[in-house]
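Protein chains: 2
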Amino acid sequence: MIQTLLGQKDFIESLRGKSATFMLALSNTQTVNIEGITQAGIPGMIHLTPTLDSEFICTGEVRSLENIAETPKGVPTPALISRAVHLLNPYHHIELLNLGLEVTPKVAYFKQHTFELTPSASIATGANIDAEALFQKGVNFGQTYSCESDYLILGESVPSGTTTATATTLGLGYSEAKAYFSSSFKDVPNSIREETIASALKNIQNKKDLFEILGTVSDNMLIFNAGFILGLNNRLKVVLAGGTQMACVLLIINSILEYMGGKVESSNLAICTTKWVAEDKNSDIKALLEMLSFPVNAYYANFDFTLSNHPSLKLYDEGEAKEGVGAGGALMYGFLNDLNKEEITRKVEGFLG
Amino acid sequence: MIQTLLGQKDFIESLRGKSATFMLALSNTQTVNIEGITQAGIPGMIHLTPTLDSEFICTGEVRSLENIAETPKGVPTPALISRAVHLLNPYHHIELLNLGLEVTPKVAYFKQHTFELTPSASIATGANIDAEALFQKGVNFGQTYSCESDYLILGESVPSGTTTATATTLGLGYSEAKAYFSSSFKDVPNSIREETIASALKNIQNKKDLFEILGTVSDNMLIFNAGFILGLNNRLKVVLAGGTQMACVLLIINSILEYMGGKVESSNLAICTTKWVAEDKNSDIKALLEMLSFPVNAYYANFDFTLSNHPSLKLYDEGEAKEGVGAGGALMYGFLNDLNKEEITRKVEGFLG
């Protein structure tokens with residue numbers, strides 16, 4: 413049920429029956445306001461997506477808006493998958509990382525880590541992030557974070573995050589990566605995304621400082637999490653639950669290590685994504701990870717909606733949505749606790765009525 | 413599956429997947445010997461009910477008597493529900509609070525907390541409890557109690573406990589509460605209960621000291637648990653698993669705080685009861701809780717026996733039995749761990765042969 417992309421399955425096997433904290437890194441980037449750049453959410457309300465996703469994961473309710481975030485064609489947020497797994501085999505804890513949101517999630521009794529961050533600006537005009545300070549906040553958090561579970565599943569919800577991740581990776585000089593990035597679009601809107609990325613890259617043409625580059629073309633989630641992982645310093649097993657955005661977090665770490673002449677012990681680090689990302693023809697997560705100078709365990713959860721007839725869910729299998737809100741890691745956690753495809757499918761269908 | 417009566421569902425949601433200690437507060441009051449006052453048990457043997465309930469919860473066996481406690485019409489104890497949930501998704505620990513029992517439960521390997529307490533006398537003639545000392549024992553226990561689980565579910569088994577709870581609430585001056593109390597009778601035996609309560613209230617006519625009042629009209633479970641909750645001082649998440657008796661525990665706390673001029677932090681406190689109590693036409697748990705001067709999260713487990721054809725279980729849905737032995741909290745715990753109505757129903761039916 414869990415397929416290995418890189419490294420050994422032993423890492424995953426060692427997590428069977430272990431308790432997990434499901435942590436969701438949330439942020440807004442104004443890149444999302446470029447028309448047509450993403451379909452991850454309700455038109456005009458896409459900035460609310462991470463807020464709604466986290467409310468739904470924690471409580472089963474969407475509080476800052478009436479309906480669950482859906483893309484225009486009606487593909488429901490992958491938060492449904494992560495919540496379904498939680499209902500079937502609860503995560504030990506759910507925690508939120510508020511990395512700059514327009515609207516704070518309305519949940520009580522769940523730990524919300526805050527860092528006095530505001531949404532970043534559009535990368536088309538310059539993200540305007542103090543990347544060094546943000547990275548340092550991540551490092552500090554990693555150094556002091558006390559996990560009450562056996563391991564951490566780190567997911568994200570950042571609308572238009574694949575665009576910022578692509579710009580970041582290219583901006584860091586991984587030029588061969590251009591073709592390796594996915595989007596939440598089926599028909600990858602190459603023109604709008606490419607224009608945006610081209611504008612972003614133009615903004616760093618004369619920049620050489622790594623943090624200056626990151627602060628211009630990246631987003632809060634990517635930069636903070638790179639610091640977070642480095643700050644943890646391998647003392648906790650972490651599964652990055654995501655696709656190309658989480659791969660970008662690792663590439664940022666890679667660049668920072670190179671820039672600073674450091675090394676990272678990565679034996680406790682893994683990434684797990686969905687089958688929809690792993691088999692995506694418009695991106696290549698494995699190739700992205702193979703650019704790293706340190707080893708990383710990489711997996712995908714062999715789950716799809718072939719057992720469902722629900723038209724909204726069939727769209728996943730048609731490539732309309734692929735990953736997000738920790739879905740890949742959530743499915744991994746489900747499989748490690750003996751959930752099967754049928755149970756998860758039925759639970760997700762239950763949300764759709 | 414879990415409905416909110418007061419407060420937010422977030423409290424309950426934060427308990428998904430968490431480990432729970434199921435603690436049962438047990439006591440006898442000689443009020444039970446007034447003929448017709450309760451049907452919670454076998455006629456002539458009703459004092460054994462808490463002993464048998466706790467033996468059954470822990471071991472699946474009734475050791476101090478041959479048959480499970482049943483009411484005259486054959487309604488089986490709600491211990492069946494709490495035990496069924498334990499078999500399907502075990503509580504992390506089961507612990508017993510012996511708060512004055514005629515017969516000590518015959519169980520080994522389960523923690524039995526004892527406090528050198530004897531059953532209280534009938535409230536018709538005066539309960540004769542040293543309430544201040546008993547309350548203090550509760551406070552001390554709360555201050556020193558070490559819970560090995562993520563949260564505590566606190567249930568009770570006290571035959572004729574709704575009568576003592578009603579007398580206690582009225583004795584404390586919550587006069588509008590008269591209509592808010594349930595009994596385990598369908599056809600509420602107003603005459604016998606009201607006579608008993610009237611006698612109890614006559615006994616405190618000239619009393620003004622809060623503890624003197626409690627010592628005359630209350631029972632050990634109510635007074636001890638009020639101290640226990642205050643002693644815990646919000647350092648542990650606690651779900652009071654019960655109906656109007658647990659509401660009375662909270663009203664005692666409310667009166668003590670008023671009496672002593674103190675405050676309580678109640679964010680980690682909740683009460684969860686059954687649907688049979690929540691929808692009872694002869695009582696109003698929500699109205700009882702709304703008399704508190706501090707906020708409390710309140711829920712009920714949306715469970716009934718509509719999936720069963722067993723005549724004994726149908727009696728629950730007809731109002732013959734409503735709550736007890738932590739059934740409401742047990743069902744909540746079951747639902748938080750993805751048990752469904754069907755599974756629980758079948759397991760309960762399995763006990764009845």
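Top line first, the protein sequences correspond to chains B and F.
Yeah, the first sequence ends on 765 if you go by my numbering, and it's all consecutive.
Yeah, the second sequence ends on 765 if you go by my numbering, and it's all consecutive.
Think of the CB as a built atom: it goes at the ideal place given N, C-alpha and C, for glycine as much as any other residue.
| Check | Outcome |
| --- | --- |
| C-beta contact flag for residue 711/B and residue 650/B at 8 Å | no |
| CB contact check: residue 426/F to chain B, cutoff 8 Å | yes |
| Local Cβ density within 10 Å of residue 560/F, reported as buried at 16 or more and exposed below that | exposed |
| Residue from 759/F, 704/F and 619/F whose Cα sits closest to the Cα of residue 419/F | 704/F |
| CA-to-CA distance, residue 522/F to residue 569/F, given in whole angstroms | 17 Å |
| Integer-rounded CB distance, given that residue 608/F should sit under 8 Å from residue 535/F | 7 Å |
| Contact list for the stretch 420–452 of chain F against chain B, Cβ threshold 7 Å | 420, 421, 422, 423, 425, 426, 428 and 429 |
| Anticipated Cβ contact below 8 Å, residue 844/F with residue 543/F, distance rounded | This structure leaves residue 844/F out entirely; chain F is present only between 413 and 765. |
| Inter-residue spacing [alpha-carbon to alpha-carbon] between residue 648/F and residue 660/F | 20 Å |
| Segments assigned alpha helix (DSSP H), at least 4 residues, entirely inside the stretch 674–729 of chain F | 687–690, 697–701 and 723–729 |
| Cβ neighbour criterion (16 or more within 10 Å) applied to residue 467/F | buried |
| Cutoff 8 Å: residue 729/F Cβ touching any chain B Cβ | no |
| CB contact check: residue 470/B to chain F, cutoff 8 Å | yes |
| The stretch 683–692 of chain F / the stretch 728–746 of chain F touching (three or more Cβ pairs under 8 Å) | yes |
| Where the beta strand (DSSP E) containing residue 650/F begins and where it ends | 649–653 |
| Cα-Cα separation between residue 668/F and residue 621/F, rounded to whole angstroms | 11 Å |
| C-beta atoms of residue 724/B and residue 757/B nearer than 8 Å | no |
| Pair within 8 Å by beta-carbon distance, residue 453/B and residue 571/B | yes |
| Range of the contiguous beta strand (DSSP E) that encloses residue 563/F | 563–569 |
| Nearest candidate by alpha-carbon position, reference residue 567/F, set 583/F, 509/F, 575/F and 646/F | 509/F |
| CB of residue 656/F within 8 Å of CB of residue 577/F, strictly | yes |
| Identified DSSP bridge partners for residue 523/F | 507/F |
| Contact check, residue 644/B vs residue 427/B, beta carbons under 8 Å | no |
| CB contact check: residue 696/F to chain B, cutoff 8 Å | no |
| Counted within 10 angstroms of its Cβ, other Cβ atoms place residue 422/B as buried (16 or more) or exposed | exposed |
| Rounded separation between residue 746/F and residue 514/F - CA only | 31 Å |
| Chain B contact residues for residue 750/F, given Cβ-Cβ distances below 7 Å | 499 and 500 |
| Length of the line joining the Cα atoms of residue 573/B and residue 441/B | 8 Å |
| Proximity of residue 525/F and residue 433/F at Cβ, strictly below 8 Å | no |
| Closest by C-alpha distance to residue 629/B, when choosing among 447/B, 639/B, 613/B and 586/B | 613/B |
| C-alpha distance - residue 415/F paired with residue 736/F, whole-angstrom precision | 18 Å |
| Proximity below 8 Å, CB of residue 638/F to CB of residue 684/F | no |
| Test item: CB-CB of residue 554/F and residue 641/F under 8 Å | yes |
| Start-to-end residues for the alpha helix (DSSP H) that takes in residue 634/F | 632–644 |
| Where the alpha helix (DSSP H) containing residue 438/B begins and where it ends | Run containing residue 438/B: none in the alpha helix (DSSP H); it sits in the beta strand (DSSP E), 432–438. |
| Interface residues of chain F facing residue 689/B [CB-CB closer than 7 Å] | Correct list: empty, because the minimum Cβ distance to chain F is about 26 Å. |
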